[in-house]
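In what follows, a structure is listed as structure tokens, so that the remarks can point back to it.
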Amino acid sequence: MLSSCKSGSAPPPRRLNLLLVTIDTLRADRLGCYGYSAIETPNLDKIARQGVLFENAVAPAPLTAPSHASMMTGVYPAVHKVRNTGGFVLPSSQATLARTLQEQGWDTAAFIGSSVLKRRFGLNQGFATYDDEMPVRANGSAQAEPERRAEEVVDRAVKWLGAQSGKPFFLWVHVYDPHIPYNPPAPFREKYRDLPYDGEIAYTDQQLGRLFEAVTKKSLSP
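Take 1 as the starting number for the sequence shown in the working numbering and just add one per residue.
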């Protein structure tokens, strides 16, 4: 005989914290979890071991803005209308993951590593915090650099986590370092002198390790 359950007796499902990390122009065949041994990528490899590793994944477009628009909306560029990087804006009529979660009570924040995803292109929809401030050029001109290093992006994301309200959160962190020009900081510049692209990836992995540690601590805190 099946016993009946009273309506409403089951506890509500736990609302999880969500972290989305996107790494621009990172080749899968340059990570240890995909068999590459010339770079040390322990933090990304750990995520692969503990989670699900996709062996066959295809981007909806070989461009930053259209691909991110598809990730945020779940539809192809032909539907969300962002067909290229620059010159296309995600329409406000498109439902985004961030907006859906924000409406359901999640804190939402994004920290962006490149000007190709500035808020003027519409990817900020649903994010209460959308940090896309690029550094000013070294010569002091008002024009901003097109990117900022992963260290600064992660610093700002970790700071946000430290002040976060305690509600479930959706945090998107976008890093751009493996993109040209390849110029990893020390000591990765010296260690990967002949493979600067690999050095950028090793550096990115190091910085993401800091992010993963901060997210874990925040998620475990009462």
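Glycine included, every Cβ here is placed at the ideal spot set by N, Cα and C.
- In the three-state reduction of the DSSP assignment, His-179 falls in the coil class, being assigned neither a helical nor a strand state.
- In this structure, Trp-172 is the residue among Trp-172, Thr-216 and Leu-90 with its C-alpha nearest to the C-alpha of Ala-109.
- The beta carbon of Asn-43 sits closer than 8 angstroms to those of Asp-205, Gln-206, Leu-208, Gly-209 and Phe-212, all from its chain and outside the five residues before and after it, given in chain order.
- For Ile-23, the enclosing beta strand (DSSP E) has its first and last residue at 18 to 23.
- Excluding sequence positions up to five before and after His-68, its CB lies within less than 7 angstroms of the CB of Thr-22, Leu-117 and Leu-123, all in the same chain and listed in chain order.
- Nearest to Val-52 by alpha-carbon distance, out of Leu-63, Ala-38 and Tyr-34, is Tyr-34.
- In the three-state reduction of the DSSP assignment, Asp-107 falls in the strand class, which pools E and B.
- In the pairwise beta carbon analysis, the stretch 90 to 102 is classified as not touching the stretch 152 to 167: fewer than three pairs are separated by under 8 angstroms.
- An exposed status is given to Ala-186, since fewer than 16 other beta-carbon atoms sit within 10 Å of its beta-carbon.
- Under the 10 Å beta carbon count, Ser-37 is surrounded by fewer than 16 other beta carbons and is classified as exposed.
- Restricted to the stretch 37 to 124, the beta strand (DSSP E) segments that are unbroken, complete and at least 3 residues in length are 107 to 111, listed in chain order.
- Of the candidates His-179, Ala-48, Ile-47 and Gln-104, Gln-104 places its Cα closest to the Cα of Pro-168.
- Boundaries cannot be given for Asp-29, as no beta strand (DSSP E) includes it and DSSP labels it neither H nor E.
- In this structure, Phe-170 places its C-beta atom within 8 angstroms of the C-beta atom of Trp-106.
- Cβ-Cβ separation between Pro-135 and Ser-114: approximately 12 angstroms, too far for a contact (criterion under 8 angstroms).
- For Ile-180, the number of other beta carbons within 10 angstroms of its own is below 16, and it is reported as exposed.
- By the Cβ neighbour-count rule, Thr-216 is exposed, with fewer than 16 other Cβ atoms within 10 Å of its own.
- Under the three-state reduction of DSSP, Phe-169 is assigned to strand.
- In the structure shown, Ala-144 falls within a strand segment according to DSSP collapsed to helix, strand and coil.
- Taking the CA atoms as reference points, Ala-95 sits about 42 angstroms from Tyr-192.
- Of the residues assessed, Phe-54 falls on the exposed side of the cut-off, its CB having fewer than 16 other CB atoms within 10 angstroms.
- Beta-carbon to beta-carbon, Phe-111 and Arg-156 are separated by about 5 angstroms, close enough to satisfy the 8 angstroms threshold.
- Here Asp-132 is not bridged, per DSSP, to any residue.
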